[in-house]
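Here is the structure we will look at, set down as structure tokens.
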Amino acid sequence: MEDKFASLNLNEEEEAILQTPPFPIPEKEEGGFRLVGYFLAASVIHFSVMKSTTAKLWHPVRGVRILDLGERRFLFQFFHSMDMERVLKGSP
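Residue numbering for the sequence shown follows the UniProt record's numbering, beginning at 1 and increasing consecutively.
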């Protein structure tokens, strides 16, 4: 797998900074730790399937709330810092 990724290169068009329009984020709730994620897959992302699969893979201690922000962007709200840190360190 590393060999496949090693041969990837960015072209000039891909190096440009991606500007996205602002999107609404719900008011901060006490104890919320948030990440915004974007799926790079070319296929359609079925929100309900992604939501249940992601929650099962991550096994968050206090749960995760996932909101669809549109344009394949999602807000992941964790309710314990350990859950968010585990995801940031490379959990699936």
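Using N, Cα and C, we set each Cβ at its ideal position, and we do this for glycine too.
- Less than 8 Å separates the beta-carbon of Val61 from that of Met82.
- Here the alpha carbon of Arg65 sits roughly 13 Å from the alpha carbon of Thr53.
- In the structure shown, the three-state DSSP call for Leu40 is coil.
- Around the Cβ of Val36, a 10 Å sphere holds fewer than 16 other Cβ atoms; the residue is exposed.
- Each residue's CA atom was taken as its position, placing Ala6 and Gln77 some 33 Å apart.
- If you draw a 10 Å sphere on the C-beta of Val87, you find 16 or more other C-beta atoms in it, and that means buried.
- In the structure shown, Phe47 adopts helical secondary structure according to DSSP, grouped into three states.
- Between the alpha carbons of Arg73 and Phe39 lies a gap of roughly 7 Å.
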